[in-house]
Structures are given as structure tokens and as C-alpha cells.
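Numbering (this note's numbering), first residue to last: 18 to 557. One structure is given here, and the rest of the page talks about it.
Printed below as a string of C-alpha cells:
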């Protein structure tokens, strides 16, 4: 354990802890309201939203997993860069519509919108459960990111409790200030988190290559290392017992690369924590400006990915590729700056973990608790339930990390991407048309969920029997594509066919409580200011 590095890590962690609790006093709001606690009062401007949404999407696990994939020799890992670029023109189109209809009808979650649009409480429940299921392993992976940093920093040993104690303390602090301050806490901490990450990455991509011989040497060393691995393991690769390493995506994997990028782009803003950040903004213009400015994070992500190659060239040796970047910082940076790097990753986990737990809690409160158990719940009661559920969600994620293997958490996150994309027809297509029959949308969702889960379970890898890859052969071809994309196609086809069938049979459809004007309304328009109605009628 390096005392200086650990001291810097602890100091910066204490700084963000103070900020997290102080955020409760920001704007002197009454946090006994779900709008204030769970959506920050729906009043964040462009500057705050840029940090909040960026801090929400680019997580500690991104910092760990993307370069780890490159370090392990899978060039497909670069798919994260184009997918975070592809998504922003899409959100420029549909998220302002979601913001408008949500503000006019006081929707707090995407499932609220689906329930109101299709007149179906059951379809809203399906979207809510999908969001919670997809979010839980995502939170767990943030804790895995913190755990990896703590291990490299020297918090290890054979005593399990002592080894896990720093992670438990971090969890308690995160739970406490999220309960106290709601969405305001990650909004404030996001300033520190993103500033640290930008500083660390920019210094890393300038200082580290220069120290080890320049970028030419980095790429040359990576090519030599990967070619040597492929030569030494040619028999195992031919037998499917190992995967070849490559700097550039080979032709056989290009459809996989493309489908991963497009499918992940479509799924990114279906996650409830992404929607929570968007609905916290004060007007439609904030969303559009952020869609134009957020690609700056994509540039940063490309630099982060290259650190995996830098770790190879620097001779970093770790059993777990996820430790490659923290170990690179440990080996090559001065002790004090290594501590800054550790803090950037650890704090980078706190912001998204807080937002994710809030989003999952809001889904439970609005679309399960209020919809099925307490239709007349007051705003204060909703806020109280969400606060308690956010603690339960984080505790579940912590137990998940401590009790189960990290590979299991990664496997479930693979399923999370498959699952959450199946809500796209109900949410995004629903923003533009009400043509789909509500039961057709529900059965399409079910078909995509069943197919995606079954196929993902059936994928093996050289190290595990199930959930071994996000890719599977597209039906009736030899080409591997992203499982979520295939499940999404099946989902939409089922919804189209059954809509024709159900309309031909004249099966009753739900009542749409929205109007065309709702989707273009902005602050100042008549009726756009949200007024929470605890007695909103429940749908079938």
C-alpha cells in the first residue's frame, strides 16, 4: 500500500462526501417530494445537466472495462466509441418530446409515460420491471469498479471482512447522502468527478506514452505482443479454447462490431437513470444543447480505450484485465497523482450508482407501489418510499458484489443491455405514434425478452459455460451479431403482426391520455408545468 496515493484517495473521497450531504441545502428545496428528491426539482440548466448526464453515462466501469477489453486483445471493445457518438443525433430528436409530455403530465419515469400513452398499467409495469432488472447489475458493476481500485491501492489480504470493509464504508456513505440529498447529490459531485477524469486522462495520454517511448512504440509493442500470443496459442485458438488478439476488428467480427454499436446506442437512453437525468432539466433547449455537447465525452472515451494499449506497452501484468488501468497508474505515475487517478475512478462510480438507485426507486414507487398498492399516495409518501427503496437497491447491489463472483455481475449486465432495448418500441416509437396495439407491444416485449435471455444463456466462452458473449449467430446465417439487436427485431415484428391481428379482431385498445400538443410543449406554455395528481386514474 502506497501511503501517499491512498491518502490522496481518502482526502478526495471525503471532499465529495461533504459535497453530497451539502447538496441537500442547494436551492433550499423541500425534499419531501418526489419531484424534488428524485428529479432535482426539474430545474437543472445546461451546465449542470452536462455534468450530470455525462457523469451518469460514462461510469467507473467504463473507465475500467473499455481499456480492459483492449488490454485483453479484443478490438471489438472499440465499439463503445462509435455508439456514444451515434446516440446523440437520436436523442436530439426524441428526448425533447419525452421531456415535454413528461412535464405536462408530471411523469417521473419512462413507465409513467408508457402507462399514460397506451392506457395500460400492465405495460407500464413491464417497462418498470425491465428497468429495475437492467439497473441492478449496473449498480453492482459500479461497486466492482470501486473494488478493483481498492485492490490495486492495497486494500487486500486474506481476511474477507477487512478486505471488503473499505467498499462497505463507501457504500454506507453513498447510501446516506443519496437518501439525504436525492438527485442533487450526484449533480454536485459530478463536477468533481468529471473534472478529475478529464485531468487524469489528458495527463495520462500525454505523459505515459512519452515516458515509455511514444505512440509509435505503443502500437508496435501491442502488435508484437498480440502476434506472439496468437502464435503461441494457435492450437488453442483453432480448438476454440482461446480467443485471438487483434488491434483492428477482423472482417469476421465487423457485423458484430456494427450491431454492438447500433444496439447499444438505441439502448443507452432506455436505461431509467438516463431518463432521470433528462427529466431533471428545466426546458427542451437544455436537452438539445446537451445532445450537441455530450460528444466531448466520446472523445474522452476514445482516449480511455487507448490506455489499454498503453498498459500492454508498459508491461503491466495482471491476472484480471480490469486491473490494468489502475495498475498502470500505480506503476507509472508519481504516488500523489496515482491517488488522483484512483479517486477519479472511485468517485466516477459514486455518481452513476446514486442516479441508478434513485431511478430504480422511482420506478418501484410510481409503477408498482402507487399503481398497485397505494393509488392515493401523496407526493410526500412517494418520496419517503423512494428514499427507502433506494437504500434497498444499493444494499442488494452490495450483497451481489460481496456474495457472488464478478463474472456473474458482468453476465447479468450483458442481460441488462438485452432487456432494456426491448422497451424501445413502447417508449420511443410511442413518442411518435399510437398505431401499435397495447397488447401487441406487451407481447412483443415478452418475445424479445424471452429470446434474448435464452440465447444469451446459451453462449459459452473459453472461460464459462453460459452468458459467455454478447454475440450470437443471427438466425439462418453464419454471422454473429449483438443478441439484443436480434431480440429487438423479433420484438418489433411481433408487435406489427399482432397489431394487425388485434385490430382486425376489434380487441379493445387503451385510452391515450396524451394529446399532440403535449409532445412539443415547453416551459411557459399553458399546462406544461407539472402538477402531481395523487388521484390520477389507474389504467387496466
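All C-beta atoms, glycine included, are put in the ideal place defined by N, C-alpha and C.
From the options, pick the residue whose C-alpha is nearest to that of residue i; which is it?
i: residue 370; options: 171, 445, 86 and 73; result: 73
i: residue 114; options: 305, 358 and 418; result: 305
i: residue 540; options: 19, 41, 62 and 33; result: 62
i: residue 247; options: 172, 91 and 358; result: 91
i: residue 110; options: 401, 309, 433 and 534; result: 309
i: residue 28; options: 357, 297 and 493; result: 357
i: residue 517; options: 19, 453 and 188; result: 453
Report buried or exposed for residue i, applying the criterion of at least 16 other Cβ atoms within 10 angstroms of its Cβ.
i: residue 271; result: exposed
i: residue 21; result: exposed
i: residue 101; result: buried
i: residue 449; result: exposed
i: residue 25; result: buried
i: residue 255; result: exposed
i: residue 550; result: Note that residue 550 scores a pLDDT of 48, beneath 50, so its modelled location is shaky; the value from the coordinates is reported in the next line. With fewer than 16 other Cβ atoms within 10 Å, it is exposed.
i: residue 182; result: exposed
i: residue 442; result: buried
i: residue 210; result: buried
i: residue 52; result: buried
Look at the alpha carbon of residue i and the alpha carbon of residue j, and state the distance between them as a whole number of angstroms.
i: residue 408; j: residue 377; result: 11 Å
i: residue 554; j: residue 267; result: Low per-residue confidence applies at residue 554: pLDDT is 48, beneath 50, and the placement is therefore not dependable, though the value from the model is reported in the following sentence. When rounded, the distance between both Cα atoms is 55 Å.
i: residue 147; j: residue 200; result: 22 Å
i: residue 38; j: residue 364; result: 15 Å
i: residue 468; j: residue 128; result: 22 Å
i: residue 117; j: residue 343; result: 42 Å
i: residue 83; j: residue 195; result: 27 Å
i: residue 290; j: residue 64; result: 18 Å
i: residue 85; j: residue 79; result: 9 Å
i: residue 446; j: residue 258; result: 42 Å
i: residue 436; j: residue 413; result: 19 Å
i: residue 93; j: residue 319; result: 13 Å
i: residue 386; j: residue 519; result: 30 Å
i: residue 395; j: residue 41; result: 21 Å
i: residue 88; j: residue 398; result: 48 Å
i: residue 98; j: residue 316; result: 8 Å
i: residue 336; j: residue 169; result: 12 Å
Let me know the secondary structure DSSP gives residue i once reduced to three states.
i: residue 31; result: helix
i: residue 481; result: strand
i: residue 498; result: strand
i: residue 538; result: coil
i: residue 490; result: strand
i: residue 61; result: strand
i: residue 395; result: coil
i: residue 532; result: coil
i: residue 195; result: helix
i: residue 101; result: helix
i: residue 298; result: strand
i: residue 287; result: coil
i: residue 117; result: helix
i: residue 526; result: coil
Say whether chain D places a C-beta atom closer than 8 Å to the C-beta of residue i.
i: residue 295; result: The structure shown contains no chain D; it holds only a single protein chain.
The region 275 to 286 / the region 495 to 507 touching (three or more Cβ pairs under 8 Å): yes
Contact between the region 127 to 135 and the region 515 to 531 (3+ Cβ pairs under 8 Å): Cβ pair count under 8 Å is three or more, so yes.
Inter-stretch contact at 8 Å, needing at least 3 Cβ pairs: the region 341 to 355 / the region 320 to 330: yes
Segment contact flag, the region 212 to 222 with the region 346 to 357, C-beta cutoff 8 Å, min 3 pairs: Look at the beta carbons and you see the region 212 to 222 touching the region 346 to 357: at least three pairs across the two are nearer than 8 Å.
Segment contact flag, the region 457 to 465 with the region 504 to 517, C-beta cutoff 8 Å, min 3 pairs: In short, these stretches touch, since the Cβ pair count reaches three.
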